[in-house]
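Chains as they are written, first to last, in this note's numbering: chain A, 731 to 842; chain B, 354 to 466.
C-beta: ideal position from N, C-alpha, C; glycine also.
It should be emphasised that the depicted structure is a prediction, and the values quoted were computed from it without experimental measurement.
Comments concern the structure below.
Next up, the structure:
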């Protein structure tokens, strides 16, 4: 069955370190998205991609970057982790922008 | 910009009863899609129901149904015969054209035995 996976599921890191969160989908979807979820804010969009070599900034993109070198993967990089980036991160994919998004299981990141 | 508002941060319902979660949205678009997602304590985001704005008929999935009022820009979710497994955060979401999904801040629903 097609799926979307995230790794690691949990990570603890220190302020200033570079961190990369992986997202891999086997749906062959063109669209992929990264969100962060914080109490009281719901899900906020960080970056998204509508295809290979395409990336776009979302609502809360400062301090994050993504690259899309193939259809299946959209890794999220925190260039210099900050305590404000402690959050739960979700990756999602969809066939077209207006279609249902399928979510990964999430990564809980703690920055100390 | 499109916005989605869920005015009920928390709700509770007795098992087997019916509960309605509210959602309003703001858009100038005429064609769009609306969703309700469920997030149980496992944290997994699960699609509950999807509604296309051009369809007048309200979407239904088993015990879950929506009341879509396009003119009022309202999209409420009704859960009938509530079960303990319905305890979760519920998010309303909107998408139009080629723009990404916009989420409300969620409603935490507790089903009480």
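query, result
"What is the DSSP secondary structure of residue 829 of chain A, counted as helix, strand or coil?", "coil"
"Compute the beta-carbon to beta-carbon distance between residue 404 of chain B and residue 421 of chain B, rounded to the nearest angstrom, for a pair I have assumed lies under 8 Å.", "5 Å"
"Would you report the Cα separation of residue 434 of chain B and residue 374 of chain B, rounded to the nearest angstrom?", "14 Å"
"Does the region 446-466 of chain B come close enough to the region 393-404 of chain B to have 3 or more Cβ pairs within less than 8 Å?", "no"
"Could one say the Cβ of residue 781 of chain A lies closer than 8 Å to chain B's Cβ atoms, at least one of them?", "no"
"Answer yes if the region 742-756 of chain A comes into contact with the region 428-445 of chain B, meaning at least three C-beta pairs across the two stretches below 8 Å, and no otherwise.", "no"
"Rounded to whole angstroms, what's the CA-CA distance from residue 783 of chain A to residue 797 of chain A? Just pull it up for me.", "7 Å"
"I'd like to know if the region 437-448 of chain B and the region 754-761 of chain A are in contact, where contact means that at least 3 CB-CB pairs between them fall below 8 Å.", "no"
"Assuming residue 376 of chain B contacts residue 457 of chain B under a Cβ cut-off of 8 Å, what Cβ separation, rounded to an integer in Å, is found between them?", "6 Å"
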